[in-house]
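Scroll down for the structure; my scribbles are underneath it.
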Amino acid sequence: MFIQTEATPNLDSIKFKPGVLVMPPTQASQTAEFLSARDAMVSPLAAALFRIDGVTSVLYGADFITVTKAQDTAWQVLKPDIFGAIMDFYSTGAPLFKESYAAGTADTMILPDDSETVAMIKELLETRIRPTIQEDGGDIEYMGFVDGVVKVKLRGACRTCDSSVVTLKNGIENMLMHYVPEVTAVEQVLDAAEAESNKEFKKLEESLSKERAEDPQRST
Numbered sequence: 232m233f234i235q236t237e238a239t240p241n242l243d244s245i246k247f248k249p250g251v252l253v254m255p256p257t258q259a260s261q262t263a264e265f266l267s268a269r270d271a272m273v274s275p276l277a278a279a280l281f282r283i284d285g286v287t288s289v290l291y292g293a294d295f296i297t298v299t300k301a302q303d304t305a306w307q308v309l310k311p312d313i314f315g316a317i318m319d320f321y322s323t324g325a326p327l328f329k330e331s332y333a334a335g336t337a338d339t340m341i342l343p344d345d346s347e348t349v350a351m352i353k354e355l356l357e358t359r360i361r362p363t364i365q366e367d368g369g370d371i372e373y374m375g376f377v378d379g380v381v382k383v384k385l386r387g388a389c390r391t392c393d394s395s396v397v398t399l400k401n402g403i404e405n406m407l408m409h410y411v412p413e414v415t416a417v418e419q420v421l422d423a424a425e426a427e428s429n430k431e432f433k434k435l436e437e438s439l440s441k442e443r444a445e446d447p448q449r450s451t
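Just add 231 to the spot in the sequence shown (first one is 1) and you have this note's numbering.
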């Protein structure tokens with residue numbers, strides 16, 4: 232098996248392409264993300280990848296696997312183990328998921344009770360926005376539409392990417408507002424851990440700004 236790699240905008244995430252379909256054919260348009268070894272227990276491949284020190288998340292796409300690492304871990308240390316885990320898994324011929332894994336309904340599936348606006352938002356996310364984000368090793372999940380605001384969740388390489396805010400505002404928001412007049416903004420829904428991390432980062436920024444204001448010489 233020849234495994235190709237592709238860089239992503241996130242320096243801590245790389246796409247690994249094994250040259251075969253990754254997600255099962257019935258779920259080819261969906262992705263599956265694992266953020267912990269516990270989450271990964273439903274997939275032998277993800278479980279094997281999480282046994283590698285430094286791996287922090289795994290995302291399956293149609294034909295790729297995005298692996299995200301801790302910032303203090305070097306790719307040259309991780310890559311050989313990741314290649315080995317992927318090749319070992321595919322050599323067994325085992326299914327990607329255990330029987331206990333239950334795939335959810337596609338988030339952009341248009342439902343009978345969806346309004347025309349929501350249906351259009353979902354169609355744009357699925358056909359215009361998702362392919363671009365998956366090309367960068369990530370994914371986007373539709374979470375809802377409330378009072379003109381589209382709620383989404385970024386996954387994979389996009390989850391921890393420094394440019395995710397730019398992607399959200401300059402890319403996703405601009406496109407949706409252009410084609411759907413009812414959309415006034417796009418907001419990212421954060422997991423509890425992400426929200427806490429952002430909160431601590433803002434506290435640090437405020438503390439540093441206060442120190443610089445009190446001692447101007449420190450900033451020169």
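Even for Gly, the Cβ is constructed at its ideal location relative to N, Cα and C.
Counting of Cβ neighbours within 10 angstroms places lysine 246 among the buried residues, the total reaching 16 or more. With 16 or more neighbouring CB atoms inside 10 Å of its own CB, serine 274 falls in the buried class. Here threonine 299 has Asp243, Ser244, Thr287 and Ser288 as same chain residues with Cβ atoms under 6 Å from its own Cβ, once five neighbours each way along the sequence are excluded. For glycine 292, there is no enclosing alpha helix (DSSP H), as DSSP marks it with neither H nor E. Annotation note: the segment 319-388 contains the following uninterrupted beta strand (DSSP E) runs of length 3 or greater, listed N- to C-terminal: 369-377 and 380-387. Check the Cα spacing between glutamate 372 and each of Asp284, Glu264, Thr323 and Thr239: the tightest is with Glu264. In chain order, Thr262, Glu264, Leu290, Gly369, Asp370, Ile371 and Glu372 place their CB closer than 8 Å to the CB of arginine 386, counting only its own chain and leaving out the 5 sequence neighbours on each side. Remark: C-beta atoms of isoleucine 403 and isoleucine 352 do not approach each other more closely than 8 Å. Runs of the beta strand (DSSP E) spanning 3 or more residues and lying entirely within the segment 236-290 occur at 244-248 and 263-265, in chain order. A Cβ-Cβ contact shorter than 8 Å links methionine 254 with alanine 293. Spatial neighbours of glutamate 354 in its own chain (CB-CB distance under 8 Å, excluding positions within 5 residues in sequence) are listed in chain order as Thr339 and Ile341. Glutamine 307 sits in a helix when the DSSP states are folded into three classes. The beta-carbon distance between isoleucine 283 and isoleucine 313, rounded to whole angstroms, is 6 Å. This is short enough to meet the 8 Å contact definition. Within a 10 Å sphere around the beta-carbon of glutamine 307 sit fewer than 16 other beta-carbons, which makes this residue exposed.
The Cβ atoms of alanine 416 and valine 380 lie closer than 8 Å to each other.
Alanine 416 carries a strand assignment under DSSP once its states are collapsed to helix, strand and coil. One Cα belongs to proline 249, the other to aspartate 378, and the distance between them is close to 43 Å. Note: lysine 300 is bridge-paired with Val286 in the DSSP secondary-structure output. If you compare the alpha carbons of Gln419, Asn405, His409 and Met408 with that of lysine 384, the shortest gap goes to Gln419.
Residue range 405-410 is occupied by the alpha helix (DSSP H) that includes leucine 407.
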